[in-house]
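See structure below.
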Amino acid sequence: MRSVTPHKLFLDTNVWFSAFHGSANCTKLLKAHTQGIFIAVISQQVIEEAVKNIREKMPVLLPRFEQFMMENPPQVVTNPGKINSKIVKLVDRKDQSLFTAAISDKVDFFVTGNIKDFSVEKLEAKTGIKTITPREAVELLHL
Amino acid sequence: MQTYSTDILIRPRRQATFPKKILEKIDASVGDRLAVYVKGNNLILKTRKQRALDALAEIQRIIKESGVSEKEMQKNAVKIRRQMYAKRYAS
Numbered sequence: 034m035r036s037v038t039p040h041k042l043f044l045d046t047n048v049w050f051s052a053f054h055g056s057a058n059c060t061k062l063l064k065a066h067t068q069g070i071f072i073a074v075i076s077q078q079v080i081e082e083a084v085k086n087i088r089e090k091m092p093v094l095l096p097r098f099e100q101f102m103m104e105n106p107p108q109v110v111t112n113p114g115k116i117n118s119k120i121v122k123l124v125d126r127k128d129q130s131l132f133t134a135a136i137s138d139k140v141d142f143f144v145t146g147n148i149k150d151f152s153v154e155k156l157e158a159k160t161g162i163k164t165i166t167p168r169e170a171v172e173l174l175h176l
Numbered sequence: 121m122q123t124y125s126t127d128i129l130i131r132p133r134r135q136a137t138f139p140k141k142i143l144e145k146i147d148a149s150v151g152d153r154l155a156v157y158v159k160g161n162n163l164i165l166k167t168r169k170q171r172a173l174d175a176l177a178e179i180q181r182i183i184k185e186s187g188v189s190e191k192e193m194q195k196n197a198v199k200i201r202r203q204m205y206a207k208r209y210a211s
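Sequence lines, in order, name chains S and F.
Note that this note's numbering has the first sequence beginning at 34, numbered continuously upward.
Note that this note's numbering has the second sequence beginning at 121, numbered continuously upward.
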């Protein structure tokens, strides 16, 4: 029997927070990751942003967040030393380090709730990575 | 929720074998780690997947009760990201 390699999806920080706030599509994605339906990828920066955000806005949540990440660890990519020059004009500046990390890990999809900051078609042509919304990811994975 | 039960013999050296059907019911297999909780005289076994799902449900409950909006959290996350970009990559 031929084995099928699961898709690698980079999950932007906003996807995690939308799931934590109960978004149906983002919750489906995190549950599917738990079930091994796809490989969830993040960069160190996603963890740094999430921890800082929780510390500033809702510190009581931190132990549960740490537990969730330890029980259900995504693949973590090192923060890039510099931004990939191919994407400089195609991604909002603040998001470039995350997309560069996604390129370095050769993910299939970059999932974000903030798709307006990405030149989706040009990015796919230049990097092979398709930027999609959580809803599109749910449809892609038939969740 | 249906309840399944079976007998498991504790052998010398305190070893035991879980019936395949029981493991299938909790989506566990050989090599998986189970968390064991003792509650009174009862044992509760949970898979790592289930513990992750429980943690997610708990996170969602805490946030719902806190009254902190998603908009507020997302806005702060964007502010943090801009600060990180400025510190690490802006020349």
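Heads up, the beta-carbon is just placed ideally off N, CA and C, and yes, glycines get one too.
Since this is a predicted model, take the numbers as computed values, not measurements.
Inter-stretch contact (C-beta, 8 Å, three-pair minimum) for the segment 148-156 of chain F and the segment 76-91 of chain S: No: fewer than three Cβ pairs fall under 8 Å.
Assumed close pair residue 94/S, residue 200/F - CB separation to whole angstroms, cut-off 8 Å: 15 Å between Cβ atoms; not a contact.
Where the beta strand (DSSP E) through residue 73/S begins and ends: From DSSP, the beta strand (DSSP E) with residue 73/S extends over 72-76.
Three or more C-beta pairs below 8 Å linking the segment 123-132 of chain F and the segment 65-82 of chain S: They do not touch, by the three-pair rule.
Where the segment 118-136 of chain S meets chain F: residues whose CB sits under 9 Å from a CB there: So the close ones are 126, 127, 128, 129, 130, 131.
Cβ pair residue 121/S, residue 129/S closer than 8 Å: Residue 121/S is a Cβ neighbour of residue 129/S, given a cutoff of 8 Å.
Identified DSSP bridge partners for residue 143/S: According to DSSP, which records beta bridges pairwise, residue 143/S is partnered with 43/S, 164/S.
Cutoff 6 Å; reference residue 159/S; Cβ partners in own chain excluding five residues on either side: Hits under 6 Å: 119.
Interface partners of residue 178/F on chain S, CB under 8 Å: What residue 178/F touches in chain S: 97.
Which listed residue (55/S, 111/S, 169/S) has its alpha carbon closest to that of residue 135/S: Ranking 55/S, 111/S, 169/S by Cα distance to residue 135/S puts 111/S first.
Members of the segment 152-186 of chain F that neighbour chain S once the beta carbon cut-off is set at 8 Å: Within the segment 152-186 of chain F, 168, 169, 171, 172, 173, 175, 176, 178, 179, 180, 182, 183, 184, 186 place their CB atoms closer than 8 Å to a CB of chain S, listed in sequence order.
Among 43/S, 53/S, 40/S, 37/S, nearest to residue 188/F - alpha-carbon criterion: For the options 43/S, 53/S, 40/S, 37/S, the alpha carbon positioned closest to that of residue 188/F is the one of 53/S.
Within 8 Å, strictly: CB atoms of residue 145/S and residue 48/S: Yes, the pair counts as a contact, with Cβ atoms nearer than the cut-off.
Residues bridged to residue 164/F [DSSP beta-bridge criterion]: DSSP output for residue 164/F lists 157/F as bridge partner(s).
Residues that residue 151/S bridges to, as DSSP identifies them: According to DSSP, which records beta bridges pairwise, residue 151/S is partnered with 124/S.
Minimum Cβ-Cβ distance from residue 48/S to chain F less than 8 Å: Proximity of residue 48/S to chain F, defined by a Cβ-Cβ separation below 8 Å, is not satisfied.
Closer than 8 Å to chain S by CB, residue 200/F: Under the Cβ distance rule, residue 200/F counts among the residues neighbouring chain S, one pair being separated by less than 8 Å.
Listed by chain order, chain S residues near residue 241/F by CB distance under 8 Å: Residue 241/F is absent from the structure shown; chain F starts at 121 and stops at 211.
Short CB-CB distance (under 8 Å) between residue 76/S and chain F: Taking Cβ atoms only, chain F never reaches closer than 8 Å to residue 76/S, which makes this a no.
Where residue 188/F meets chain S, residues with beta-carbon distance less than 8 Å: One finds 90, 91 in chain S with Cβ atoms closer than 8 Å to the Cβ of residue 188/F, taken in chain order.
Per-residue DSSP class, three states only, for residue 122/F: In this structure, DSSP gives residue 122/F a state outside helix and strand, which the three-state scheme calls coil.
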